[in-house]
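Using UniProt numbering, you'd call the opening residue of the sequence shown number 1 and step up by one each time. Ideal Cβ positions, reconstructed from N, Cα and C, are used throughout, including at glycine. Because the structure is a prediction, the values reported are computed rather than measured. See below for the structure under consideration.
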Amino acid sequence: MLEVNQLIKIRRELHQIPEIGFQEHKTQAYLLSFIQKLPQDNMEVKTWKTGILVKVKGTKSSMTIAYRTDMDGLPIEEETDFDFQSQHKGFMHACGHDFHMTIALAALQAIAEQPPEHNVLFVFQPAEEGPGGAFPMLQSNEFKEWWPDLIFALHIAPELPVGTVSSKPGLLFANTSELFIDFKGKGGHAAYPHLTKDMVVAASGFVGELQTIVSRRVDPLESAVVTIGKITGGTVQNVIAENARLEGTIRTLSPDLMPIIKTEIDALKRGFEMMYDCEIRIDFGANYYQVFNREELVLAFKNIVETSEMDWKDAPAAMTGEDFGYMLRDIPGFMFWLGVDSPYGLHHSKLTANEDAIPLAAKLVEKTLRKLKPMNA
Ligand SMILES: CC(=O)N[C@@H](CCC[C@H](N)C(=O)O)C(=O)O
Numbered sequence: 001m002l003e004v005n006q007l008i009k010i011r012r013e014l015h016q017i018p019e020i021g022f023q024e025h026k027t028q029a030y031l032l033s034f035i036q037k038l039p040q041d042n043m044e045v046k047t048w049k050t051g052i053l054v055k056v057k058g059t060k061s062s063m064t065i066a067y068r069t070d071m072d073g074l075p076i077e078e079e080t081d082f083d084f085q086s087q088h089k090g091f092m093h094a095c096g097h098d099f100h101m102t103i104a105l106a107a108l109q110a111i112a113e114q115p116p117e118h119n120v121l122f123v124f125q126p127a128e129e130g131p132g133g134a135f136p137m138l139q140s141n142e143f144k145e146w147w148p149d150l151i152f153a154l155h156i157a158p159e160l161p162v163g164t165v166s167s168k169p170g171l172l173f174a175n176t177s178e179l180f181i182d183f184k185g186k187g188g189h190a191a192y193p194h195l196t197k198d199m200v201v202a203a204s205g206f207v208g209e210l211q212t213i214v215s216r217r218v219d220p221l222e223s224a225v226v227t228i229g230k231i232t233g234g235t236v237q238n239v240i241a242e243n244a245r246l247e248g249t250i251r252t253l254s255p256d257l258m259p260i261i262k263t264e265i266d267a268l269k270r271g272f273e274m275m276y277d278c279e280i281r282i283d284f285g286a287n288y289y290q291v292f293n294r295e296e297l298v299l300a301f302k303n304i305v306e307t308s309e310m311d312w313k314d315a316p317a318a319m320t321g322e323d324f325g326y327m328l329r330d331i332p333g334f335m336f337w338l339g340v341d342s343p344y345g346l347h348h349s350k351l352t353a354n355e356d357a358i359p360l361a362a363k364l365v366e367k368t369l370r371k372l373k374p375m376n377a
């Protein structure tokens, strides 16, 4: 296993080069240069777009256990006081993928140096934050050729203390859909609103009405979120806006509720087009399937955690999304949270995850890759 200072160095180097989905070129080159220095006797490497697949051949069995890490950063301007801040202005590893990749490299090195009986596949997957790399990667010949019998992944959890691992059988993360809404009306002079169709007013009204979908249209016993994270429109303070745009996301715990919410948003669109005499275009962008953990595997993993240096905590379901859900739809497996104890949460410009979690997680992932067995093995 890599020394702690080597792990920290890797995490900090990756932290400085965040790239958004399918543009992870420097990240891919960094990972490949590390992988090329490992013992190559039992290892095969393939690239797929900006992702990487590494297979370490086992000593006896043909069964394959996979570990997946995501690779992309977010378009967020970093506001930490790290001396290893992002060198890509306007971009940040604000969702911990720098941690995830470092842990994967450490486990890969340990497995490559001493392969277990079964094969181990390391999946470096691009574009988790969007537009989604898991689904197309699963369809690729590169992945199909090395299809694993079992797969698992982790995600950092800022609200949990270092040394804690948390998960649950069944539903862990929500179904998600991106949401982009473009408004086009008639602009004009700020002093003559009656001669215009004001798209700032239309878009603001739309944001308000969107909130009534969850509160008034969804069964209160179901769980859903509609969040608008970005609103833009207009050109200058004394001109009535001809264009506006909303960008957001929809989350549901049940996959069946997602189309119902989309139908409600379409109904709002028709109403607002009539009310504001404007054109509205809706794009539901990327959709992620829920993260659903196989019970037997979570229980087997919990046993592994309980015989490690780490503590187990039962997790509640969360409204976060993860395109790893597509992998778990097709391959038995699970996902878990890793405590990193940050005062700021995921997607925050001041996320300061505690690096002490990295060596603990690297050892746990390696141990799990050695010990876990597919359900029918
Ligand atoms: C773990 C996490 O934070 N994942 C992201 C996934 C984003 C999916 C997509 N871009 C969307 O916004 O719907 C999340 O925001 O939960």
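Alpha carbon of residue i to alpha carbon of residue j, nearest angstrom
i, j, result
"Val291", "His194", "49 Å"
"Gly271", "Val226", "18 Å"
"Asn293", "Leu121", "19 Å"
"His155", "Glu264", "32 Å"
"Ala157", "Val236", "41 Å"
"Gly187", "Asp219", "39 Å"
"Lys57", "Met327", "21 Å"
"Leu108", "Phe84", "24 Å"
"Arg281", "Ser223", "26 Å"
"Pro259", "Thr212", "16 Å"
"residue 393", "Leu74", "Only positions 1 to 377 of the chain appear in the structure, and residue 393 is not among them; the question remains open."
"Ile76", "His93", "8 Å"
"Leu221", "Arg251", "15 Å"
Beta-bridge partners of residue i, as assigned by DSSP
i, result
"Glu247", "Phe180, Lys230"
"Ser166", "Lys313, Trp337"
"Met92", "Leu74"
"Lys186", "Lys197"
"Gly51", "Trp48"
Chain-order list of residues whose beta-carbon lies under 6 Å from that of residue i (same chain, five-residue window excluded)
i, result
"Leu150", "Ile65, Pro332, Gly333, Pro374"
"Ile231", "Leu246"
"Ser238", "One point to set straight first is that residue 238 is Asn, not Ser, in the sequence displayed. Excluding residues within five positions, the ones whose Cβ falls inside 6 Å are Ala190."
"Phe34", "Leu105"
"Lys313", "Thr164, Ser166"
"Met319", "Ala174, Val225, Arg251"
Other residues of its chain near residue i: CB distance less than 7 Å, five sequence neighbours each side excluded
i, result
"Ala72", "The displayed chain sequence assigns Asp, not Ala, to residue 72. Cβ neighbours of Asp72 beyond the five flanking positions: Glu19, Ile20, Gly21, Glu24, His97, Pro126, Ala127, Glu128, Glu129."
"Ala110", "Met1, Glu366"
"Arg68", "Val123, Gln125, Ile151, Ala153, Phe324, Met327"
"Pro359", "Val4, Leu7"
"Cys95", "Leu74, Glu129, Leu346, His347"
"Arg217", "Glu264"
Residue i: CB within 7 Å of a non-hydrogen atom of ligand 2
i, result
"Glu19", "As presented, the structure is devoid of ligand 2, carrying ligand 1 as its sole ligands."
Beta-carbon proximity list for residue i, same chain, < 8 Å, skipping 5 on both sides
i, result
"Pro116", "Gly58, Thr59, Leu369, Arg370"
"Thr80", "Ser349, Lys350, Leu351, Thr352"
"Leu160", "Ser166, Lys313, Trp337, Leu338, Gly339, Val340, Asp341"
Continuous beta strand (DSSP E) assignments of at least 3 residues falling wholly in the segment 338-364
none
Extract the residue ranges of the alpha helix (DSSP H) inside the segment 106-133, only unbroken runs of 4 or more that lie entirely within it.
none
Could you give the uninterrupted runs of the beta strand (DSSP E) lying entirely in the segment 261-333, keeping only those of 3 residues or more?
279-283, 291-293, 311-314
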